[in-house]
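Chemist: I have a structure here, written as structure tokens, and I will follow up with some questions on it.
Number of protein chains: 4
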Amino acid sequence: MTIRIAVIGAGIMGADHARIVAEDLPGAKLSVVCDMDAARAQAIADQYGAEAATDPEGVIARDDVDAVIVASPDFTHAPLSLACIKAGKKVMCEKPLSQSSAECLDVMKAEEAAGSRHVMLGFMRRYDPAYIQMKRALKDGTIGRALMLHNWHRNGATPAGDFTGAMAITNSAPHEFDILRYMLDSEAVSITATQPKRSDDKVAPVVMVVQTADNQIVTIEVNNNAAYGYDVKAELVGETGSIATNHVSYTRLDKDATKSVGHDPDWRDRYAEAYRQQNRAFLAWVQGGDYPALASSSWDGYAAAVIAETGVKALESGSRQDITLIAKPEFYK
Amino acid sequence: MTIRIAVIGAGIMGADHARIVAEDLPGAKLSVVCDMDAARAQAIADQYGAEAATDPEGVIARDDVDAVIVASPDFTHAPLSLACIKAGKKVMCEKPLSQSSAECLDVMKAEEAAGSRHVMLGFMRRYDPAYIQMKRALKDGTIGRALMLHNWHRNGATPAGDFTGAMAITNSAPHEFDILRYMLDSEAVSITATQPKRSDDKVAPVVMVVQTADNQIVTIEVNNNAAYGYDVKAELVGETGSIATNHVSYTRLDKDATKSVGHDPDWRDRYAEAYRQQNRAFLAWVQGGDYPALASSSWDGYAAAVIAETGVKALESGSRQDITLIAKPEFYK
Amino acid sequence: MTIRIAVIGAGIMGADHARIVAEDLPGAKLSVVCDMDAARAQAIADQYGAEAATDPEGVIARDDVDAVIVASPDFTHAPLSLACIKAGKKVMCEKPLSQSSAECLDVMKAEEAAGSRHVMLGFMRRYDPAYIQMKRALKDGTIGRALMLHNWHRNGATPAGDFTGAMAITNSAPHEFDILRYMLDSEAVSITATQPKRSDDKVAPVVMVVQTADNQIVTIEVNNNAAYGYDVKAELVGETGSIATNHVSYTRLDKDATKSVGHDPDWRDRYAEAYRQQNRAFLAWVQGGDYPALASSSWDGYAAAVIAETGVKALESGSRQDITLIAKPEFYK
Amino acid sequence: MTIRIAVIGAGIMGADHARIVAEDLPGAKLSVVCDMDAARAQAIADQYGAEAATDPEGVIARDDVDAVIVASPDFTHAPLSLACIKAGKKVMCEKPLSQSSAECLDVMKAEEAAGSRHVMLGFMRRYDPAYIQMKRALKDGTIGRALMLHNWHRNGATPAGDFTGAMAITNSAPHEFDILRYMLDSEAVSITATQPKRSDDKVAPVVMVVQTADNQIVTIEVNNNAAYGYDVKAELVGETGSIATNHVSYTRLDKDATKSVGHDPDWRDRYAEAYRQQNRAFLAWVQGGDYPALASSSWDGYAAAVIAETGVKALESGSRQDITLIAKPEFYK
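Rendered as structure tokens:
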């Protein structure tokens with residue numbers, strides 16, 4: 001039985017999800033594309049023979065929508081996830097669940113009240129081959145017990161409009177906050193954050209140091225104006241060895257006195273396979289499978305939000321801040 | 001409308017094609033799996049909810065089979081392709097079309113008589129991102145006019161049973177013969193072949209030098225017992241630069257005084273994306289699209305067979321042999 | 001005129017300096033090898049036809065000793081440098097000048113009183129081709145203004161005996177403290193330091209974040225038990241690009257399903273060329289040239305000592321510490 | 001006792017040898033620089049406080065010249081080597097010994113008549129760390145018995161003046177001919193040579209296949225107009241693994257959407273360490289040591305000349321040519 005999926009949000013990520021559902025997800029059908037901007041919704045819908053809509057709650061409630069992918073602006077993520085829970089639909093919600101940890105708790109409570117999992121978050125790195133190999137190397141003892149995780153998150157340039165260090169922490173860094181918790185299987189307990197100064201008015205990188213409950217140290221560089229390209233890297237250092245993401249390039253070029261490989265322009269190329277596998281995992285769950293083993297849950301979304309909120313405080317105060325989470329509910333264990 | 005595909009041959013490649021069709025090809029349905037070995041056919045068929053069969057001609061003729069993928073033993077490729085043409089079905093036939101160039105001509109004649117293209121060959125490298133980037137670099141002038149193409153084809157070890165240098169040329173090298181013609185857009189006109197001697201009774205590598213009609217030089221090493229892993233590489237040298245396939249590895253490991261990346265165990269991992277894209281191109285064609293731009297045709301299969309036949313003569317005689325093709329029929333231009 | 005050089009200290013570094021002076025420094029002669037352990041001094045001296053001695057002050061005062069290389073234990077560096085200044089001899093003193101910044105100030109005062117430079121410190125990285133290229137890329141604008149410097153200092157294992165996080169900061173990290181000041185041309189103004197916990201009793205890595213007077217951020221990992229080999233790396237991130245040290249290996253090996261390059265066993269292989277060039281620069285200075293442009297001075301030794309002392313406080317207190325240097329004397333500008 | 005060395009030839013290579021002898025060869029003194037062009041000789045001599053001269057035979061005969069380095073034009077190599085033998089002086093002669101194998105035989109006879117070795121040839125690759133590691137991997141069994149050696153010899157552009165494929169074989173390829181004999185420890189028995197066509201009037205690459213007496217296959221690409229830089233590479237393929245030269249670069253750069261490392265501009269940077277070690281080996285021999293273990297002898301020069309002569313015939317005839325050497329004299333065993 002084909003699963004009818006609605007994609008809410010027809011921006012860059014929404015368009016990408018619509019394409020994956022329509023063209024690369026056997027067993028699924030893109031039924032509706034919804035966006036506040038009717039023309040944008042229509043354009044994407046037309047491309048794949050889907051319906052267009054502008055009212056997300058209405059779409060979520062439709063009988064001919066079996067599952068929902070939310071890729072609308074960040075502030076709508078929690079309300080729309082709640083709507084999905086209310087409608088008894090499973091939702092793959094783009095990160096973050098909310099920039100407000102309080103709002104994340106609301107979603108958790110609703111999900112718990114519903115008695116079963118409804119929410120999966122789009123922390124797609126968990127489905128990336130590099131992070132999968134890294135996690136496996138840790139599990140199978142190849143590098144010994146994990147001591148440190150180093151992370152670099154570099155974008156070519158910030159999007160138009162003002163962008164601040166705090167926004168780097170709340171918008172970009174959550175990917176790092178999620179992956180560190182996932183990779184190290186331990187909660188973050190403290191964070192420091194600092195920034196160098198740039199000579200122009202673009203946002204400078206943010207350098208964070210996070211400590212986990214198991215006394216591991218995580219460094220994070222979020223550099224939204226790295227200028228040279230999109231470049232996300234990580235190294236997991238263990239007691240007996242170290243494993244790092246490797247630059248993937250299918251070809252290399254010898255020309256003009258250099259040997260070079262290319263950088264990805266943005267995250268869609270870099271994480272194409274991760275997005276594809278994540279949506280396949282979502283579909284398998286909707287089709288009746290278990291909650292996906294690699295998926296990020298509402299609890300994970302809450303934890304990322306708390307770390308981000310604390311990180312902003314650390315940046316503003318200039319001093320180390322403790323990260324305080326509620327006790328993990330049984331429901332999420 | 002869903003395309004119902006029969007996969008003929010349930011060996012390693014057939015199983016892989018069945019998996020791709022069943023799980024990774026939206027718009028297609030794996031309807032039948034056919035193999036001389038009924039149990040083997042049944043096992044694969046059961047895995048994906050398809051029917052099992054043992055009679056390939058019967059399967060090809062079935063009304064509820066829209067298109068065929070042939071992955072049975074080499075000697076059956078031409079007869080089954082002919083059966084598909086006769087049945088008016090499109091076929092994606094694994095390489096080689098035939099080890100006999102005469103038999104390839106038979107397929108060409110049948111296809112020509114049918115008045116339209118029916119055959120696409122499984123020279124999947126044309127769909128591999130590395131070769132695609134290489135071809136693009138050539139087309140867009142990045143490396144200037146092509147002068148040389150170097151190719152390495154290394155397998156861990158030959159399969160059980162006797163394997164000879166002639167078999168390396170007829171079984172493994174056709175991938176190289178096809179890619180050189182495709183990449184350089186010129187026909188091969190001569191070939192030399194030689195082998196070092198191994199100290200054991202395994203087949204030694206074959207080293208070939210091919211010249212094209214446009215006076216380009218191609219070197220090919222086919223090393224079926226490279227021992228260290230599956231490793232296919234190429235470098236295209238132009239007048240102003242050079243582009244080479246790059247070793248792709250998602251992670252790298254620092255351990256035991258070395259920094260290392262892994263080799264693929266075999267071609268299925270290395271070319272997973274190429275196989276997927278090739279089958280998508282096949283499906284799009286079956287669905288009514290144009291003959292796929294990257295596809296290898298019966299003519300290409302014929303040319304590869306002639307080069308292989310001539311290569312065997314070159315190896316046996318120890319001297320350079322001219323490669324003689326029939327004039328390319330209008331039908332394939 | 002041949003310069004007669006005495007090497008004080010016949011341990012690992014002293015033996016290496018003796019070898020360089022005796023075999024790889026045209027214009028210099030290894031005249032004396034001095035060590036508290038007479039047999040050890042004799043062994044090295046015999047190897048190169050030099051004299052052996054056990055009294056460093058006596059050696060420094062000898063008329064037939066033109067210049068001195070100090071490679072004895074850390075606590076002797078300052079006293080022996082002072083003896084050289086008193087004797088009017090130029091000295092290439094291994095790092096650190098002293099682990100006590102107060103003692104460094106004593107050397108600075110003595111040097112200033114002598115009216116001319118006498119001391120060059122063995123922060124050999126300034127002579128390493130990688131750091132030289134990095135500095136050049138910064139100077140010529142290739143990467144724009146420097147924003148961050150990331151440093152990794154990994155050894156296979158700590159030497160026998162107890163080793164602590166504080167010792168990692170005072171013994172190993174000074175190389176990083178010197179290179180960050182040299183590379184960024186700015187003084188360090190604050191430092192934080194933290195450690196993960198290991199599961200065994202070996203010293204865990206120390207992770208430091210240093211801020212410079214020009215608002216640049218420096219991260220430092222000192223991992224004395226990295227287990228996999230000696231591995232020192234750095235990345236200098238600018239506003240328009242980034243330059244990193246590259247793993248240097250003359251060959252790579254395909255074997256056993258991996259492609260690998262080797263790690264250096266220790267710093268002598270890694271920095272062989274830097275040590276050679278540093279000693280050549282020292283010789284050129286002794287021969288009458290200007291104070292070497294790349295050399296690390298007593299002032300640099302003092303600054304490294306202050307950062308290390310502050311780093312230990314940061315590690316012990318768990319909070320960020322301000323780094324306070326005296327005003328830089330005119331003499332060192 | 002200091003060895004007084006005369007350098008004959010003050011061109012690019014001569015100037016480099018003069019610099020090494022004067023500045024980087026403890027125990028040696030650059031006594032004379034000799035060139036037909038008096039001004040050029042004087043310029044180099046002045047730079048290092050040596051004497052200038054224009055008469056090579058006169059220089060070779062001087063009592064105050066202990067040993068000679070010949071770096072004058074190719075056609076003078078054999079006559080000057082003969083002069084050195086006659087004068088009882090040891091000579092480090094740049095490659096080739098002669099482009100004429102007959103002339104090489106003359107040198108061999110003179111050396112044999114003299115009763116002891118006098119000639120060492122400047123095939124410096126034998127002293128390059130990459131080839132040393134490669135040879136070691138072969139000797140210690142890391143890659144099993146050698147089956148193939150692949151070689152690439154790429155220069156940015158041919159020097160001014162006409163340059164032909166035959167010249168690529170006689171001028172550039174001898175480095176490859178020497179290294180294949182040295183690496184595989186087997187004589188070359190046949191050779192084929194072919195060229196693609198370039199679209200301009202520059203010399204096209206030459207592609208050669210050489211077979212050894214031990215049935216190993218060697219491929220050689222000599223590409224004098226590779227355009228992108230100086231790039232010499234090799235891969236030695238054994239029965240159980242493969243070892244290749246690795247691109248050495250001290251830093252890598254992320255900028256403008258690429259990650260890149262630089263190519264050397266020419267052979268002096270690439271082989272700086274090899275030239276240095278070669279001259280040290282020469283000096284140690286002159287000082288009374290054994291004939292250097294890695295050195296290329298007159299016999300090796302003869303063999304390289306025969307292969308080159310045969311390679312030119314192979315290129316001109318278009319067919320495989322047998323390589324015929326005289327029986328190796330006892331003197332060179």
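Residue numbers (UniProt numbering), protein chains in the order written: chain A, 1 to 333; chain B, 1 to 333; chain C, 1 to 333; chain D, 1 to 333. No residue lacks a Cβ here, since even glycine has one placed at the ideal position from N, Cα and C.
(1) Excluding the 5 residues preceding and the 5 following Ile-169(D) in the sequence, name in chain order all residues of the same chain whose CB lies nearer than 8 Å to its CB.
(2) With Val-312(D) as the anchor, note down where its alpha helix (DSSP H) starts and where it stops.
(3) Does DSSP classify His-153(A) as helix, strand or coil?
(4) Going along chain A, which residues have a C-beta under 7 Å from Asn-215(C)?
(5) Who are the neighbours of Thr-245(C) on chain B, taking C-beta pairs under 8 Å?
(6) Closer than 8 Å is the cut-off here; do at least three beta carbon pairs connect the stretch 120-132 of chain B with the stretch 287-300 of chain B?
(7) Inspect the CB distances between the stretch 94-108 of chain D and the stretch 253-263 of chain D and report whether three or more fall short of 8 Å.
(8) DSSP three-state label for Glu-221(D), please.
(9) May I ask you to report which of helix, strand or coil DSSP gives Ile-143(B)?
(10) What three-state label does DSSP hand Ile-179(D) in the structure shown?
(11) Report the neighbours of Pro-265(B) on chain D: residues whose CB is nearer than 8 Å to its CB, in chain order.
(12) Whose C-beta lies closer than 8 Å to the C-beta of Arg-198(B) among residues of the same chain, with five residues either side of it excluded?
(13) Where does Gly-165(C) fall in DSSP's three states?
(14) For a test of the three-state rule: what should DSSP assign to Gln-42(C), helix, strand or coil?
(15) I want to know whether the stretch 32-49 of chain D touches the stretch 9-18 of chain D - three or more CB-CB distances under 8 Å.
(16) For Gln-278(A), decide whether its Cβ has a neighbour in chain B, counting only Cβ atoms nearer than 9 Å.
(17) Find the residues of chain C that neighbour Gln-211(A), judging by a C-beta separation of less than 9 Å, and give them in chain order.
(18) Answer with buried or exposed for Gly-289(C), where buried requires no fewer than 16 other C-beta atoms within 10 angstroms of its C-beta.
(19) Looking at the unbroken beta strand (DSSP E) that takes in Lys-109(B), where does it start and where does it end?
(20) To the nearest angstrom, how far is it from the Cα of Ala-52(C) to the Cα of Ser-31(C)?
(21) Excluding the five sequence neighbours on either side, which residues of its own chain have a C-beta within less than 6 Å of the C-beta of Trp-152(A), listed in chain order?
(22) Compare the C-alpha of Asp-16(A) against each of Arg-136(A), Leu-80(A), Val-33(A), Thr-2(A) and name the closest.
(23) Which stretch, first to last residue, makes up the beta strand (DSSP E) that contains Ser-260(A)?
(24) Which chain D residues are close to Val-261(C), counting only those with a beta carbon under 7 Å from its beta carbon?
(25) So for Thr-76(A), helix, strand or coil by DSSP?
(26) Could you compute how far the alpha carbon of Phe-75(C) sits from the alpha carbon of Thr-251(A)?
(27) If you follow the beta strand (DSSP E) that Gly-238(D) is part of, which residue opens it and which one closes it?
(28) Can Ser-199(C) be considered in contact with the ligand FAD, in the sense that its beta carbon sits closer than 8 Å to one or more heavy atoms?
(29) Is Met-1(D) buried or exposed, if buried means 16 or more other CB atoms sit within 10 Å of its CB?
(30) Can you confirm whether the stretch 142-152 of chain B touches the stretch 236-243 of chain B when touching is taken to mean that 3 or more C-beta pairs between the two stretches lie within less than 8 Å?
(31) What are the partner residues of Ala-52(B), as DSSP defines its beta bridges?
(32) In whole angstroms, what is the alpha-carbon distance linking Asn-155(C) and Pro-56(A)?
(33) Roughly how many whole angstroms lie between the Cα atoms of Trp-285(A) and Ile-69(A)?
(34) Indicate whether Ile-60(A) and Lys-29(A) have their beta-carbon atoms separated by less than 9 Å.
(35) For Val-59(C), which beta-bridge partners are listed by DSSP?
(36) Assuming contact is defined by CB atoms lying nearer than 9 Å, are Ala-304(B) and Asp-178(B) in contact in what I supplied?
Modeler: In this structure, then:
(1) Only Ala-193, Val-206, Met-208, Val-222, Ala-308, Gly-311, Val-312, Leu-315 meet the Cβ criterion.
(2) Membership of Val-312(D) in the alpha helix (DSSP H) is indicated by the continuous run 298-317.
(3) DSSP, read as helix, strand or coil, puts His-153(A) in strand.
(4) Near Asn-215(C) (Cβ distances below 7 Å), the residues of chain A are Pro-196, Lys-197.
(5) Going along chain B, no residue has its Cβ under 8 Å from Thr-245(C), so there is no contact; the nearest lies around 13 Å.
(6) By the Cβ rule, the stretch 120-132 of chain B counts as touching the stretch 287-300 of chain B, because three or more pairs are nearer than 8 Å.
(7) Touching, no, given that fewer than three Cβ pairs across the two stretches are closer than 8 Å.
(8) DSSP places Glu-221(D) in the strand class (E or B) of the three-state scheme.
(9) Three-state result, Ile-143(B): coil.
(10) Collapsing the DSSP output to three states places Ile-179(D) in a helix.
(11) Ordered by position in chain D, no residue passes the 8 Å Cβ test against Pro-265(B), which lies about 16 Å from the chain.
(12) Apart from the 5 residues on each side of it in sequence, Arg-198(B) sits with its Cβ closer than 8 Å to the Cβ of Ala-204, Asn-225 in its chain, given in chain order.
(13) Gly-165(C): helix per DSSP, three-state reduction.
(14) Here Gln-42(C) sits in helix by DSSP.
(15) Yes: at least three Cβ pairs fall under 8 Å.
(16) Answer no: the Cβ-Cβ gap between Gln-278(A) and chain B never drops below 9 Å.
(17) Within 9 Å Cβ-Cβ: Thr-194, Pro-196.
(18) With fewer than 16 neighbouring CB atoms inside 10 Å of its own CB, Gly-289(C) falls in the exposed class.
(19) Note, Lys-109(B): premise wrong, no beta strand (DSSP E); alpha helix (DSSP H) at 101-114.
(20) Taking the straight line joining both Cα atoms gives about 9 Å.
(21) For Trp-152(A), where only same-chain residues beyond five positions count, the Cβ hits under 6 Å are Glu-221, Lys-233.
(22) Here the closest residue by C-alpha is Val-33(A).
(23) It spans 258-262 - the beta strand (DSSP E) in which Ser-260(A) sits, taken as one unbroken run.
(24) Simply Asn-246.
(25) Three-state result, Thr-76(A): helix.
(26) Cα to Cα, the separation comes out at about 53 Å.
(27) Per DSSP, Gly-238(D) belongs to the beta strand (DSSP E) from 231-238.
(28) Absence of the ligand FAD from the depicted structure is noted, as is the absence of any ligand whatsoever, leaving it without description.
(29) Answer is exposed; the Cβ neighbour count stays below 16.
(30) At 8 Å Cβ cutoff, the stretches touch.
(31) Paired residue(s): Val-33(B).
(32) Pairing Asn-155(C) with Pro-56(A), the inter-Cα distance amounts to about 56 Å.
(33) Rounded to the nearest whole angstrom, the CA to CA distance from Trp-285(A) to Ile-69(A) is 13 Å.
(34) Against a cut-off of 9 Å, the Cβ pair of Lys-29(A) and Ile-60(A) comes out as no contact.
(35) In DSSP, Val-59(C) forms no bridge with anything.
(36) In this structure, Asp-178(B) lies closer than 9 Å to Ala-304(B) by Cβ.
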